[in-house]
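K.L.:
Quick one: structure below, then a few questions.
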Amino acid sequence: MKGVRNTTAGAFLFLSFLMLIACNGNKKEKIAKLVQEWQGKEIVFPPNPVFTTLSSDTIDFHVPESKYKVVVYVDSFGCISCKLQLEKWKGFIAYTDSLTNGQVPFLFFFHPKNEKELKYIFRRDKFDYPVCIDLDDQLNRLNQLPAEMNFQTFLLDKNNKVLVIGNPVHNLAIKDLYINQLTETSLPDAKSKMTTVETNVPEIDLGTFKNSETREATFILKNTGNYPLVIIDASTTCGCASVSFDKNPAKTNETLQLHVAMTPKEAGSFNETITVKCNTGNFVKLQIKGKAL
Numbered sequence: 011m012k013g014v015r016n017t018t019a020g021a022f023l024f025l026s027f028l029m030l031i032a033c034n035g036n037k038k039e040k041i042a043k044l045v046q047e048w049q050g051k052e053i054v055f056p057p058n059p060v061f062t063t064l065s066s067d068t069i070d071f072h073v074p075e076s077k078y079k080v081v082v083y084v085d086s087f088g089c090i091s092c093k094l095q096l097e098k099w100k101g102f103i104a105y106t107d108s109l110t111n112g113q114v115p116f117l118f119f120f121h122p123k124n125e126k127e128l129k130y131i132f133r134r135d136k137f138d139y140p141v142c143i144d145l146d147d148q149l150n151r152l153n154q155l156p157a158e159m160n161f162q163t164f165l166l167d168k169n170n171k172v173l174v175i176g177n178p179v180h181n182l183a184i185k186d187l188y189i190n191q192l193t194e195t196s197l198p199d200a201k202s203k204m205t206t207v208e209t210n211v212p213e214i215d216l217g218t219f220k221n222s223e224t225r226e227a228t229f230i231l232k233n234t235g236n237y238p239l240v241i242i243d244a245s246t247t248c249g250c251a252s253v254s255f256d257k258n259p260a261k262t263n264e265t266l267q268l269h270v271a272m273t274p275k276e277a278g279s280f281n282e283t284i285t286v287k288c289n290t291g292n293f294v295k296l297q298i299k300g301k302a303l
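Letter by letter, the sequence shown follows residues 11 to 303 of our numbering.
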């Protein structure tokens with residue numbers, strides 16, 4: 011059985027990814043092509059990457075040999091703080107460590123436009139994991155990584171070949187794929203106690219407001235099925251948005267509230283997606299939009 015598992019793992023993860031992503035036909039086709047292109051591709055590391063931590067200029071850290079490893083690349087485009095979501099990474103690393111006894115290393119490569127700003131964010135968020143400040147963008151040059159930030163994170167096998175592409179802190183479906191692979195378990199049984207859900211609105215316009223000001227939105231999720239509705243998790247496409255939600259289950263025809271607080275760190279228009287994982291057949295996709303001055 012182990013041999014069968016190994017030979018089918020790539021196809022299984024690829025098909026699982028296609029079942030989990032929710033987007034229109036053209037975008038899904040583009041993503042499917044990208045995933046298929048990267049499935050099984052080897053990631054080549056720079057010959058002598060230098061790693062640092064918040065508490066030390068340089069540390070004796072090398073790309074480890076391990077059954078699995080996670081590689082995170084962050085480029086210089088856009089709002090770095092929005093991209094990083096370091097608090098969520100700290101939570102995901104801690105969760106992964108608890109499942110794998112700390113056997114999965116996380117390798118962070120940053121190609122920043124502003125190194126000083128990046129180090130400030132590390133201090134602010136108390137992020138004390140080994141990171142490589144890749145000023146020459148060597149990792150990207152060696153591998154020609156995808157331009158879209160959602161596909162600049164990789165789960166690798168012991169030979170540094172890609173098992174899963176995608177960011178687990180931005181996308182709950184990707185997070186499930188990471189955990190399923192790392193724990194070597196299958197996707198949840200579709201016959202488990204699932205229900206159905208309706209939202210009061212799919213999108214909320216927060217209007218125009220000052221940069222660094224906080225605006226809030228509340229979405230209502232109504233249980234329209236036969237089993238209690240539970241919100242399991244939620245993620246956002248931007249670190250400027252934080253989410254909280256009711257933890258108690260809702261019976262049939264009862265509702266749960268999900269609150270989103272948006273604090274833009276840069277001026278300009280925004281349109282962010284909140285992905286909500288419930289005990290339903292599909293993820294719930296919500297939108298907030300607006301403009302920061």
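For every residue, glycine included, the Cβ atom is placed at its ideal position computed from N, Cα and C.
Applying the 10 Å Cβ sphere with the 16-neighbour rule, what's the burial state of ASP67?
P.N.:
Classification for ASP67: exposed.
K.L.:
If I follow the unbroken alpha helix (DSSP H) through GLU125, where does it start and stop?
P.N.:
Unbroken alpha helix (DSSP H) run through GLU125: 125-134.
K.L.:
What residue from TYR130, GLN162, ASN111, PHE71 has the CA that sits closest to TRP48's CA?
P.N.:
Nearest of TYR130, GLN162, ASN111, PHE71 to TRP48, Cα basis: GLN162.
K.L.:
Could I get the ranges of all uninterrupted alpha helix (DSSP H) runs contained in the segment 161-225, with 4 residues as the minimum, in chain order?
P.N.:
With a minimum length of 4 residues, the continuous alpha helix (DSSP H) runs that stay inside the segment 161-225 are 182-193.
K.L.:
Measuring CB to CB, does LEU239 end up less than 8 Å from VAL286?
P.N.:
Going by C-beta atoms, LEU239 is not nearer than 8 Å to VAL286.
K.L.:
So, for LEU266: in the same chain, excluding its five sequence neighbours on each side, which residues have a beta-carbon less than 7 Å away from its beta-carbon?
P.N.:
Cβ within range, chain order: LEU231, LEU239, ILE241, PHE255, ASP256, ALA260.
K.L.:
So for THR152, helix, strand or coil by DSSP?
P.N.:
The sequence shown places Leu at residue 152, not Thr. Helix, per DSSP.
K.L.:
May I have the straight-line CA-CA distance separating ASP85 from HIS72, to the nearest angstrom?
P.N.:
Going by the C-alpha atoms only, they are around 21 Å apart.
K.L.:
Give me the Cβ distance between LEU165 and TYR188, rounded to the nearest whole Å; I'm assuming they're in contact under 8 Å.
P.N.:
Sure, about 5 Å apart at Cβ, within 8 Å.
K.L.:
What is the DSSP secondary structure of TYR321, counted as helix, strand or coil?
P.N.:
Here the chain covers residues 11 to 303 and nothing more, so residue 321 does not appear.
K.L.:
Have a look at ASP138 and GLU127 and give me their C-alpha separation to the nearest angstrom.
P.N.:
Roughly 16 Å separates the two Cα atoms.
K.L.:
So ASN221 packs on ALA302, CB below 8 Å; how close in whole Å?
P.N.:
Indeed, because the Cβ distance is near 5 Å, the residues count as touching under 8 Å.
K.L.:
Apply the 10 Å Cβ neighbour rule to ARG134 and answer buried if 16 or more other Cβ atoms are within range, or exposed otherwise.
P.N.:
So ARG134 counts as exposed.
K.L.:
Where does VAL114 fall in DSSP's three states?
P.N.:
Here VAL114 sits in coil by DSSP.
K.L.:
Does DSSP put GLY20 in a helix, a strand or coil?
P.N.:
Any reading at GLY20 is ruled out, since the residue's pLDDT is 49, under 50, leaving its predicted position unreliable.
K.L.:
Just to confirm my understanding: we take ALA32, look at its own chain, exclude 5 residues before and 5 after, and list those with CB closer than 7 Å. What are they?
P.N.:
Because the pLDDT of ALA32 is 49, which lies under 50, any placement of that residue in the model is unreliable, and the number read from its coordinates should be weighed accordingly. Closer than 7 Å at the Cβ level, and outside the excluded window around ALA32, lie ASN292, PHE293, LYS295.
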